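Each residue of the sequence shown is one higher than the last, beginning at 56 in the numbering used here.
Heads up, the beta-carbon is just placed ideally off N, CA and C, and yes, glycines get one too.
Just so we're clear, the structure is a prediction, and the values are computed from it rather than from any experiment.
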Amino acid sequence: LDNAMKTGDVGRMELLIPRLLFRFCGGPSSHYAIGLLELLQGLQHEWPQDLRYSQLHRYFVMRYCWLAITTGCEGRFLAFDMLQEHNIRDIKHTFAVHGPFATWDYIKKISASIPTQRKIKDHVEEQFNHFRREKSHTTPDWEEDVANLQTAYHVGQAHVHK
56 LDNAMKTGDV GRMELLIPRL LFRFCGGPSS HYAIGLLELL QGLQHEWPQD
106 LRYSQLHRYF VMRYCWLAIT TGCEGRFLAF DMLQEHNIRD IKHTFAVHGP
156 FATWDYIKKI SASIPTQRKI KDHVEEQFNH FRREKSHTTP DWEEDVANLQ
206 TAYHVGQAHV HK
């Protein structure tokens, strides 16, 4: 499912819905099971005829209502709920408003610009930070970090008194 979501393969995502439904029914995640059951019911029975049987309409719903791509790069699709979590994180933490200007009206006003602010932040980080933290969650490798730091000190001659 993760690979299908990243690549934007909504057909494969739809084929996985029954398997996921059984997995969630058998575990403690009954709310997910109910959500998937409602989605299957809508896809197969409840939605209007033209939406259920027309491949064009069905494809439109799956393609433009399940996944979003914000970078324009292949393999970078995000589920809409994950994209919304990113937006909430940025509103609350990354681009948080503090002080006397932290009103709901101001937050509403700047919320639309957050995707652009995120791209500017990423671009500036990419241009200026040579040894920045990566965006993926990995186990830290201190040996590589120390080697990179030693190389930077040696090349930059930080230890030489001038």
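With respect to the C-alpha of K163, the residue from M68, D196, I143 and L204 having the closest C-alpha is I143. Residue G97 holds the alpha-carbon nearest to the alpha-carbon of V116 among T126, T125, G97 and E129.
A residue is called buried once 16 or more other Cβ atoms fall within 10 Å of its Cβ, and G63 is buried on that count.
Look at the region 146-178 and you find these whole runs of alpha helix (DSSP H), each 4 residues long or longer: 159-166.
In this structure, DSSP gives L56 a state outside helix and strand, which the three-state scheme calls coil. By alpha-carbon distance to T126, the top candidate from F77, H148 and P170 is P170.
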